[in-house]
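A short write-up of the structure that comes next.
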């Protein structure tokens, strides 16, 4: 490993972890509690290939107790080394993952991720989906956390509608782009934008 | 600044609690197990709420702590001081100025906003516990939505007392799925749970965290012919004159004299400062 790549591994974490992760968690919690609302999340500078927002989520939520699955594209030497140094989270197979990182296409098929059990629906995967941006909304959202309806741009609709049918089982999604994060929990009903 | 890590807990504990909070928000009303830590206060004094607050606070927050609506009781004062010391956060007694409110058994009278977070201290998170003591069974009942027993309990109330006598910790159904214990808030507060703020619930001894996102449907269980009623004492506050707040009854002497005062001390104080007065306020006396 060259000097340059090794310093990239050690750099890019939170400069003041207790405070930075508190702010990052607040953004993540607001996102999960208010589906479709875009929040600013900053503090991490992960290696090339993953967004600062996704890096913040990983630093805030992952540690040696959580298995992470890196989908093709996000699964680089640099990301693995950065994640190992900063969080100590083990890289695991898709079927065992607590957290999953990748682009929408790379995450397919979704059926392999854990959706929880009827007695413990919380034992399910949280997917961090890297998206190009939060441009034109194509989906209308209803459910907990939403006053009336909300709008959001989603990579497709059918997958999220199928996921909501599983409720209270299912997957929970964060969408990350640059320093922005939004979320879509399993409790949200998704319909095509009228 | 103190020698504590920010907000007392170590970072790995906070991550574990934060993951539980996120899953709780994704499945509103479902009780997420978490590895509750021993806190420097006894169980029953809000160890669950304190852990949830510690994982949620940022240095920019302003914290308010209430105990049965009051800012100045032992539990509220000591938790407020705990976070002043370990997190260095601003504290307040004014509901409007707080961004995080930790509460024991009340929801403030003032309407909460989207910028606020309400953290409940919960003694027994399982609404079915007194009907079915086995955790393995209550888990199954939640999984199968088998809530008939709860309706039988409310029915027995009616057959015995002529009305649903449950006055606090009145069970609710969240988003049509999970029956949830709202913590021992008076049932007067139940309708307020459909609010703009995020609601988080922490039970330290019982090791459970659950949550209700903003604008989530929260329905108090009832029957068509015995609808839910958010009751309170049929009086006005004797200090501020409010007829819409939840009241505490205070015995004044051995002759049976009593007074009713707002349980929410900040609400009562702000009304008195705005010039309202009640039966026993100094101007009237």
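Chains as they are written, first to last, in this note's numbering: chain A, 10 to 203; chain B, 34 to 318.
Every residue gets a Cβ at the ideal spot worked out from N, C-alpha and C, and that includes glycine.
Every value quoted in this text rests on a predicted model; they were computed, and no experiment measured them.
Check whether the Cβ of residue i lies closer than 8 Å to any Cβ atom in chain A.
i: residue 210 (chain B); result: yes
i: residue 63 (chain B); result: yes
i: residue 173 (chain B); result: yes
Quick check on residue i - is its C-beta less than 8 Å from some C-beta in chain B?
i: residue 171 (chain A); result: no
i: residue 93 (chain A); result: no
i: residue 164 (chain A); result: no
i: residue 196 (chain A); result: yes
i: residue 161 (chain A); result: no
i: residue 63 (chain A); result: no
i: residue 99 (chain A); result: no
i: residue 118 (chain A); result: no
i: residue 55 (chain A); result: no
i: residue 27 (chain A); result: yes
i: residue 141 (chain A); result: no
i: residue 8 (chain A); result: Residue 8 (chain A) cannot be examined here, being either before or after the span of chain A that is shown, 10 to 203.
i: residue 81 (chain A); result: no
i: residue 74 (chain A); result: yes
i: residue 181 (chain A); result: yes
i: residue 84 (chain A); result: no
Under 7 Å Cβ-Cβ, which residues of chain A neighbour residue i?
i: residue 176 (chain B); result: 127, 128
Between residue i and residue j, which are expected to be in contact by the criterion C-beta below 8 Å, what is the C-beta distance as a whole number of angstroms?
i: residue 203 (chain A); j: residue 45 (chain A); result: Not a contact, Cβ separation roughly 15 Å.
i: residue 243 (chain B); j: residue 213 (chain B); result: 7 Å
i: residue 173 (chain B); j: residue 128 (chain B); result: Not a contact, Cβ separation roughly 40 Å.
i: residue 34 (chain A); j: residue 75 (chain A); result: That belief does not hold up - the Cβ atoms of residue 34 (chain A) and residue 75 (chain A) are roughly 14 Å apart, past 8 Å.
i: residue 304 (chain B); j: residue 271 (chain B); result: Actually they do not touch by this definition, with Cβ atoms about 12 Å apart.
Can you name the residues of chain B whose CB is closer than 8 Å to the CB of residue i?
i: residue 69 (chain A); result: 48, 51
i: residue 154 (chain A); result: 58, 246, 247, 248, 249
Run down chain B in chain order and give the residues with a C-beta less than 9 Å from the C-beta of residue i.
i: residue 77 (chain A); result: Chain B residues near residue 77 (chain A): none, gap ~13 Å exceeds 9 Å.
i: residue 202 (chain A); result: Chain B residues near residue 202 (chain A): none, gap ~20 Å exceeds 9 Å.
**Asked** Quick one, which residues of the region 39-59 of chain B are near chain A if we go by CB-CB under 8 Å, in chain order?
**Response** For the region 39-59 of chain B, the residues whose beta carbon sits under 8 Å from a beta carbon of chain A are, in order, 39, 40, 44, 45, 47, 48, 49, 51, 52, 53, 54, 55, 56, 57, 58, 59.
**Message:** To be precise: take each residue of the region 69-98 of chain B, compare its Cβ to all Cβ atoms of chain A, and keep it if any distance is under 9 Å. Which residues remain?
**Reply:** Answer set for the region 69-98 of chain B: 88, 89, 90, 91, 92, 93, 94.
**Asked** Taking a cut of 7 Å between CB atoms, which residues from the region 244-271 of chain B lie near chain A?
**Response** The region 244-271 of chain B vs chain A, Cβ under 7 Å: 246, 247, 248, 249.
**Asked** Residues in the region 219-246 of chain B with C-beta within 7 Å of chain A's C-beta atoms, listed in sequence order?
**Response** The region 219-246 of chain B vs chain A, Cβ under 7 Å: 231, 246.
**Asked** For the region 29-53 of chain A, which residues have a CB atom closer than 9 Å to at least one CB atom of chain B, in sequence order?
**Response** From the region 29-53 of chain A, only 30, 31, 32, 34, 35, 37, 38, 39, 41, 42, 43, 44 have a Cβ closer than 9 Å to chain B.
**Asked** What are the complete beta strand (DSSP E) segments, minimum 3 residues, inside the region 182-261 of chain B?
**Response** For the beta strand (DSSP E) assignment, the uninterrupted runs of no fewer than 3 residues enclosed by the region 182-261 of chain B are, from N- to C-terminal side, 205-207, 211-213, 231-236, 241-245, 251-253.
**Asked** Taking only runs of the alpha helix (DSSP H) that begin and end inside the region 121-190 of chain A, which ones reach a length of at least 4 residues, in chain order?
**Response** Inside the region 121-190 of chain A, DSSP marks whole alpha helix (DSSP H) runs of 4 or more residues at positions 167-174, from first to last along the chain.
**Request:** Jot down the residue ranges of each uninterrupted beta strand (DSSP E) in the region 42-122 of chain B, minimum 3 residues, whole runs only, in chain order.
**Result:** With a minimum length of 3 residues, the continuous beta strand (DSSP E) runs that stay inside the region 42-122 of chain B are 95-100.
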